[in-house]
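Each residue of the sequence shown is one higher than the one before, starting from 6 at the first, in our numbering. Ideal Cβ positions, reconstructed from N, Cα and C, are used throughout, including at glycine.
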Amino acid sequence: MIQILLASSNATQISQLLLTYKPCDIDITGVTTGKEVIQILDSRTFDFLIVDEAFEDFFAKELIEEILRINPMINMAVLSSLDDKAFHEFYEGLGLIGRIPCFPGKKDIKSLFIKLLHILEITTDMPKIKTKEYKR
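As structure tokens, then:
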């Protein structure tokens, strides 16, 4: 089972998309502030973290830098309104899986899962997911 921490004010809609298009069993924990992200990461381990580009208490880049001090190996993506080029320039060097549009669709979620599954297959003992829909 993939453990996902979703830090977003739009968590309900995004959780539904993740659950609808999931390629395997997932468990989603939702939080709405950067402070909650830091607190939960002190006590739990997640395979994947999705964060909004801004919270009341943190901007995403600032939060990601703090998260990397806690767990430099966590897989992360950012819900961002930036285009791909601007996103790459702004977040370069932080080791993110990528950008997810603020209002993602099926294609965005599937692309995200393909990247995440590939990383987890390489870095963990997770078996390969064998479906046509999630073939690389």
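- Rounded to whole angstroms, residue 124 and residue 109 show a C-alpha spacing of 21 Å.
- Nearest Cα to residue 43 within the set 10, 130 and 97: 10.
- Taking 8 Å as the cut-off, the Cβ atoms of residue 20 and residue 35 count as close.
- For residue 72, the closest C-alpha among the options 41, 84 and 119 is that of 41.
- A Cβ-Cβ contact shorter than 8 Å links residue 105 with residue 83.
- Note that the C-beta distance between residue 53 and residue 121 is below 8 Å.
- Under the criterion of beta carbons closer than 8 Å, residue 57 and residue 13 qualify as touching, at roughly 5 Å.
- A straight-line Cα-Cα distance of about 26 Å links residue 7 and residue 86.
- Excluding its 5 nearest sequence neighbours in each direction, residue 107 has C-beta neighbours in its own chain below 6 Å: 84 and 86, listed in chain order.
- Between residue 23 and residue 114, the gap from beta carbon to beta carbon is short of 8 Å.
- Beta bridge pairing from DSSP links residue 59 with 64.
- Under the three-state reduction of DSSP, residue 38 is assigned to coil, being neither helix nor strand.
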